[in-house]
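> The following block contains the structure, expressed as structure tokens.
Protein chains: 2
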Amino acid sequence: MARQATGAAQRVTVAAETLRDEKFNARRIELAEAALETLGELGFARTSLREIAQNSAFTHGVFHYYFSDKLDLICCCVRHYKAKCVTRYDEVVTTARSRDELTEGFLAKLAATLQDEARMHRLWYDLRSQAMFEPAFRKDVLEIDKSLEAMIWRIATRYAELGNRKPASSPAALYALFDGLFQSALLRHLASDEKAVPDLLDEVRRLLPTIC
Amino acid sequence: MARQATGAAQRVTVAAETLRDEKFNARRIELAEAALETLGELGFARTSLREIAQNSAFTHGVFHYYFSDKLDLICCCVRHYKAKCVTRYDEVVTTARSRDELTEGFLAKLAATLQDEARMHRLWYDLRSQAMFEPAFRKDVLEIDKSLEAMIWRIATRYAELGNRKPASSPAALYALFDGLFQSALLRHLASDEKAVPDLLDEVRRLLPTIC
DNA sequence: CAGCCGTCTTGACGGTTGTCCAAATTATTG
DNA sequence: CAATAATTTGGACAACCGTCAAGACGGCTG
Numbered sequence: 056m057a058r059q060a061t062g063a064a065q066r067v068t069v070a071a072e073t074l075r076d077e078k079f080n081a082r083r084i085e086l087a088e089a090a091l092e093t094l095g096e097l098g099f100a101r102t103s104l105r106e107i108a109q110n111s112a113f114t115h116g117v118f119h120y121y122f123s124d125k126l127d128l129i130c131c132c133v134r135h136y137k138a139k140c141v142t143r144y145d146e147v148v149t150t151a152r153s154r155d156e157l158t159e160g161f162l163a164k165l166a167a168t169l170q171d172e173a174r175m176h177r178l179w180y181d182l183r184s185q186a187m188f189e190p191a192f193r194k195d196v197l198e199i200d201k202s203l204e205a206m207i208w209r210i211a212t213r214y215a216e217l218g219n220r221k222p223a224s225s226p227a228a229l230y231a232l233f234d235g236l237f238q239s240a241l242l243r244h245l246a247s248d249e250k251a252v253p254d255l256l257d258e259v260r261r262l263l264p265t266i267c
Numbered sequence: 056m057a058r059q060a061t062g063a064a065q066r067v068t069v070a071a072e073t074l075r076d077e078k079f080n081a082r083r084i085e086l087a088e089a090a091l092e093t094l095g096e097l098g099f100a101r102t103s104l105r106e107i108a109q110n111s112a113f114t115h116g117v118f119h120y121y122f123s124d125k126l127d128l129i130c131c132c133v134r135h136y137k138a139k140c141v142t143r144y145d146e147v148v149t150t151a152r153s154r155d156e157l158t159e160g161f162l163a164k165l166a167a168t169l170q171d172e173a174r175m176h177r178l179w180y181d182l183r184s185q186a187m188f189e190p191a192f193r194k195d196v197l198e199i200d201k202s203l204e205a206m207i208w209r210i211a212t213r214y215a216e217l218g219n220r221k222p223a224s225s226p227a228a229l230y231a232l233f234d235g236l237f238q239s240a241l242l243r244h245l246a247s248d249e250k251a252v253p254d255l256l257d258e259v260r261r262l263l264p265t266i267c
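Sequence lines, in order, name chains B and X. Each residue of the first sequence is one higher than the last, beginning at 56 in the numbering used here. Each residue of the second sequence is one higher than the last, beginning at 56 in the numbering used here.
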């Protein structure tokens with residue numbers, strides 16, 4: 056094992072070790088990213104390590120070298136997915152100069168996300184459900200959920216601010232609302248319901264002034 | 056095959072045939088109910104037909120006799136689950152004579168559901184996520200989702216009625232909100248977060264007057 | 001009672017799974 | 001350049017999966 060016991064017999068400098076650790080971790084992320092491709096396509100239940108390997112440039116042995124376990128791999132995937140996801144609307148929030156501008160920017164990104172990244176998002180909902188069964192997932196999933204709640208809250212407070220108001224509901228309720236709407240829209244969209252996206256946009260457009 | 060081709064050569068009376076069909080279907084439901092036990096424990100991804108059989112009084116062959124497929128079995132489970140679920144709050148809705156009575160009755164049932172039937176509900180969220188990958192699930196899942204939305208809507212309209220008002224939001228938004236809150240609370244509850252239930256109740260108690 | 005039919009059991013099948021490992025390859029060090 | 005460590009490979013393994021089929025069981029009908 057390479058990255059295991061860093062006990063007494065370490066003659067390398069600390070700098071060299073952290074460098075190696077970084078390289079090791081970069082490789083892990085590289086593998087996780089490749090795994091996400093297949094996971095998004097097939098879902099957690101149907102995805103095997105071999106399938107992941109076959110759909111990527113790596114052999115299945117490498118995955119076992121970098122990850123102690125299948126759960127370890129998927130946990131890494133989830134954690135990596137988080138970073139991408141949470142900043143999605145930040146640019147819109149910081150650049151928008153009016154309520155309308157924020158609304159339209161938010162809606163545009165929402166629609167684009169639903170259409171272009173449907174696979175990644177269904178994986179998120181899949182893994183969040185898995186966390187209800189598999190304790191190993193819970194910590195990461197709860198953490199991501201918190202981040203997403205904070206993301207929605209940033210949008211809401213900015214929207215309220217632009218109207219000199221304050222959000223009328225709690226961060227938890229607001230996130231629950233948007234998450235529920237998005238989840239429902241995603242399922243309908245994947246079921247080829249062409250009204251899924253416009254319905255979602257209409258609903259959010261109607262809702263935003265109500266809440267803030 | 057028993058229940059397949061009912062072509063030309065049927066000498067039995069229609070009455071006898073429907074009787075047999077009913078018996079056949081009752082058995083299916085019996086098996087589905089047994090399967091739900093294991094599915095609720097392990098989740099879709101980890102549940103095999105053999106595991107279902109071993110945790111029940113049936114052999115794995117019976118399941119293949121009554122269900123053409125693993126998906127067929129699970130579809131039947133989902134459909135059966137629906138009937139149980141959708142009427143849960145109906146008694147409270149019809150008997151409540153005041154807003155407070157409805158609120159307290161609803162909250163009590165909500166808390167009980169979250170605590171006593173956590174396993175069934177995590178399975179529901181699991182299968183709904185599976186529907187995003189597996190087209191065979193979509194029809195049933197979308198149908199159940201509609202039923203649940205209607206269930207929430209019955210509560211909301213009754214609550215509004217008792218205050219001589221009308222609900223301020225759409226059925227879809229309302230369902231999304233409650234579903235999102237419940238899902239989040241369920242995950243926290245399963246992660247042994249003792250504040251999950253009271254937090255949910257507080258949130259709903261605060262939300263109800265806002266919405267209607 | 002004999003024969004049939006619906007029901008159920010049991011074991012087997014090919015394929016896939018996660019895991020592990022020994023050997024090959026590449027990088028890094030002395 | 002040697003030698004040591006890190007990385008990668010691809011095959012082997014037992015266990016498990018969904019599916020199937022041959023046959024046993026038991027009740028009903030003729």
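Backbone N, C-alpha and C fix where the C-beta goes; we use that ideal spot for every residue, glycine too.
#1: So does Thr102 of chain B have its beta carbon nearer than 7 angstroms to some heavy atom of the ligand FMN?
#2: Could you give the distance in angstroms between the alpha-carbon of Tyr230 of chain B and the alpha-carbon of Lys139 of chain B?
#3: With distances taken from CA atoms, which of B:Ser184, B:Leu86, B:Leu255, B:Leu236 is nearest Ala108 of chain B?
#4: When you compare the CB of Glu88 of chain B with every CB in chain X, is at least one pair closer than 8 angstroms?
#5: Going along chain B, which residues have a C-beta under 9 angstroms from Phe161 of chain X?
#6: What's the call for Leu126 of chain X, buried or exposed, on a 16-neighbour Cβ count within 10 Å?
#7: Where do the N-terminal and C-terminal ends of the alpha helix (DSSP H) with Asp248 of chain B fall, by residue?
#8: Take Cys267 of chain X and list the residues in its own chain whose beta-carbon comes closer than 7 angstroms to its own, dropping the five residues that flank it on each side.
#9: Start and end of the alpha helix (DSSP H) containing Phe161 of chain X?
#10: Just to confirm the assignment, what range does the alpha helix (DSSP H) spanning Glu198 of chain X have?
#11: Could you spell out the range, first to last residue, of the alpha helix (DSSP H) harbouring Thr102 of chain B?
#12: Buried or exposed: Phe79 of chain B, going by 16 or more other Cβ atoms within 10 Å of its Cβ?
#13: What did DSSP end up calling Tyr120 of chain B once you bin it into helix, strand or coil?
#14: Ala63 of chain B to Glu77 of chain B, Cα distance in whole Å?
#15: Can you tell me where the alpha helix (DSSP H) holding Lys125 of chain B begins and where it ends?
#16: With distances taken Cα to Cα, identify the nearest neighbour of Asp124 of chain X among X:Leu104, X:Arg75, X:Arg193, X:Gly95.
#17: Do Phe233 of chain B and Ile199 of chain B have their C-beta atoms closer together than 8 angstroms?
#18: What first and last residue would you give for the alpha helix (DSSP H) that runs through Thr149 of chain B?
#19: Measure the Cβ-Cβ separation of Leu236 of chain B and Leu263 of chain B and say whether it is below 8 angstroms.
#20: Are any of the Cβ atoms in chain B nearer than 8 angstroms to that of Glu249 of chain X?
#21: Can you give me the C-alpha to C-alpha distance between Ala60 of chain X and Thr73 of chain X, rounded to a whole angstrom?
#22: Please classify Arg66 of chain B as buried or exposed, where buried requires at least 16 neighbouring CB atoms within 10 angstroms.
#23: Beta carbons nearer than 8 angstroms to chain B: which residues of the segment 234-249 of chain X have them?
Reading it off the structure:
#1: Questions concerning the ligand FMN fall outside what the structure shown contains, since it holds no ligand whatsoever.
#2: 18 angstroms
#3: Ranking the options by Cα distance to Ala108 of chain B, first place goes to B:Leu86.
#4: no
#5: Result: empty, since nearest Cβ-Cβ is about 16 angstroms, beyond 9 angstroms.
#6: Exposed, by the Cβ-count rule.
#7: Unbroken run through Asp248 of chain B: none, as it is neither H nor E.
#8: Ala211, Tyr214, Ala215, Gly218, Arg220, Pro222, Ala223
#9: 154-171
#10: 190-216
#11: Careful: Thr102 of chain B lies outside any alpha helix (DSSP H) and carries neither H nor E.
#12: With fewer than 16 Cβ atoms within 10 Å of its Cβ, Phe79 of chain B is classed as exposed.
#13: helix
#14: Summary for Ala63 of chain B: the model assigns pLDDT 37, below 50, so the residue's position carries little reliability, and this model does not support an answer.
#15: From DSSP, the alpha helix (DSSP H) with Lys125 of chain B extends over 125-141.
#16: X:Leu104
#17: no
#18: Following the DSSP letters along the chain, one finds Thr149 of chain B inside the alpha helix (DSSP H) bounded by residues 145-150.
#19: No. Outside cutoff.
#20: no
#21: Note that Ala60 of chain X scores a pLDDT of 36, beneath 50, so its modelled location is shaky; the value from the coordinates is reported in the next line. Those two C-alpha atoms are separated by around 14 angstroms.
#22: Bear in mind that the predicted position of Arg66 of chain B carries a pLDDT of just 41, short of 50, making it too unreliable to give a figure here.
#23: Asp234, Gly235, Leu236, Gln238, Ser239, Leu241, Leu242, Arg243, Leu245, Ala246
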